[in-house]
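Since the structure comes first, as structure tokens, the remarks are kept for the end.
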Amino acid sequence: MKSFFKIQLVGILTLLCAGLATAQVSKYKCMLQMVNYTGEKAYIVVSLINPKGQYEKTLYMMGPDKKWYDTLKEWHKSQGKSNVKLNAITGASVAGGDRSITTFAIEDKFLNKGYKIRFESAVEDQKYYISDIEIPLTSAEVTAKAEGKGYIRYVKLNKL
């Protein structure tokens, strides 16, 4: 009889811990509009930046060829000497005047805690923008339209 209660207690504790360990994640649809520029397609990396201004996580990479990732200088430097693996979070690079629609997920624990979503952009043989757009990850601002400073005209996120 004692072992029956022990098994039940262990089962209940396991269920409670599993519920606490599950991170709440929100998905966002990202609509990105580029300015009209001439030249190659832009590589854009979308990153989660912590309150200290450091890279926390790569959310999405627009640009399929790894040999050009080093043109996104600050992001690439933050990756260290590790072999960058971006499975399931990469898409096509984006040409001048084009529009891109992607989806990415962000853990809710980062919301309203001083984090930002950074859009870093680079075009071959042209200027590099470490912070083409930065969107504060707050309930009020994350879904507001944000204007770019470089190759990106604007970004609009919608919570799914």
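The working numbering numbers the first residue of the sequence shown as 1 and each following residue consecutively. In this text, a Cβ means the ideal position worked out from N, Cα and C, and glycines have one as well. Bear in mind that the values here come from a model prediction, so they are computed numbers and not experimental data.
- prompt: Per DSSP, what kind of secondary structure is Q126 in: helix, strand or coil?
  reply: Within the sequence shown, the letter at position 126 stands for residue 126. The three-state secondary structure of Q126, taken from DSSP, is coil.
task: Tell me, please, whether the stretch 138–156 touches the stretch 25–44 by the rule of three or more beta-carbon pairs shorter than 8 Å.
output: yes
field: Close beta carbons around K159, own chain, < 7 Å, minus the five adjacent residues each side
entry: The count along the sequence shown starts at 1 and reaches residue 159 at position 159. The residues are S26, Y28, T143.
- request: Determine, using beta carbons only, whether G114 and I133 come nearer to each other than 7 Å.
  value: Residue 114 sits at position 114 when you count from the first residue of the sequence shown. Residue 133 sits at position 133 when you count from the first residue of the sequence shown. Against a cut-off of 7 Å, the Cβ pair of I133 and G114 comes out as no contact.
task: Tell me, to the nearest whole angstrom, how far the beta carbon of G39 is from that of E120; I am working on the premise that it is less than 8 Å.
output: As a first step, residue 39 is located in the sequence shown; it is residue number 39 there, counting from the start. As a first step, residue 120 is located in the sequence shown; it is residue number 120 there, counting from the start. The pair is not a contact, with the Cβ atoms about 17 Å apart (cut-off 8 Å).
- prompt: Where in the stretch 27–97 do unbroken runs of the beta strand (DSSP E), each at least 3 residues long, occur, reported from the N-terminal end onward?
  reply: 43–49, 55–62
task: Determine the direct distance from the alpha carbon of A92 to that of K52, and round the result to whole angstroms.
output: Position 52 of the sequence shown, counting from 1, holds the residue named residue 52. Position 92 of the sequence shown, counting from 1, holds the residue named residue 92. Taking the straight line from one Cα to the other gives about 30 Å.
query: What do you reckon, are the CB atoms on L137 and F104 nearer than 7 Å?
result: Position 137 of the sequence shown holds residue 137. Position 104 of the sequence shown holds residue 104. In this structure, F104 does not lie closer than 7 Å to L137 by Cβ.
message: Taking the beta carbon of A140 as the centre, do at least 16 other beta carbons fall within 10 Å, making it buried, or is it exposed?
response: Position 140 of the sequence shown, counted from the first residue, corresponds to residue 140. By the 10 Å Cβ count, A140 comes out exposed.
- request: In the DSSP assignment, find the beta strand (DSSP E) that holds F104 and state where it starts and stops.
  value: Along the sequence shown, read from residue 1 onward, the residue named residue 104 stands at position 104. From DSSP, the beta strand (DSSP E) with F104 extends over 99–107.
query: From Q24, Y55, I44, pick the residue whose C-alpha is nearest to that of R99; which is it?
result: Taking the sequence shown and counting its residues from 1, the one referred to as residue 99 is at position 99. Cα-wise, what sits closest to R99 is I44.
For S47 and W75, believed in contact at Cβ under 8 Å, the rounded distance: As a first step, residue 75 is located in the sequence shown; it is residue number 75 there, counting from the start. As a first step, residue 47 is located in the sequence shown; it is residue number 47 there, counting from the start. About 6 Å separates the two Cβ atoms, so the contact holds.
message: Measuring straight from C-alpha to C-alpha, what distance separates L161 and K57?
response: Residue coverage of the chain in this structure runs from 1 to 160, which leaves residue 161 outside it and unanswerable.
field: Any non-hydrogen atom of the ligand NAD within 6 Å of K127 CB
entry: The ligand content of the structure shown is nil, which means the ligand NAD is not present either.
task: Give every residue of the same chain whose Cβ lies closer than 7 Å to the Cβ of L72, excluding the five residues on either side of it in the sequence, and list them in chain order.
output: Position 72 of the sequence shown holds residue 72. These residues qualify, in order along the chain: Y43, V45, E120, A122.
query: S154 lies in the beta strand (DSSP E); which residues open and close that run?
result: Translated into the one-based positions of the sequence shown, residue 154 becomes position 154. One point to set straight first is that residue 154 is Tyr, not Ser, in the sequence displayed. Looking at the DSSP string, the run of the beta strand (DSSP E) that includes Y154 is 152–159.
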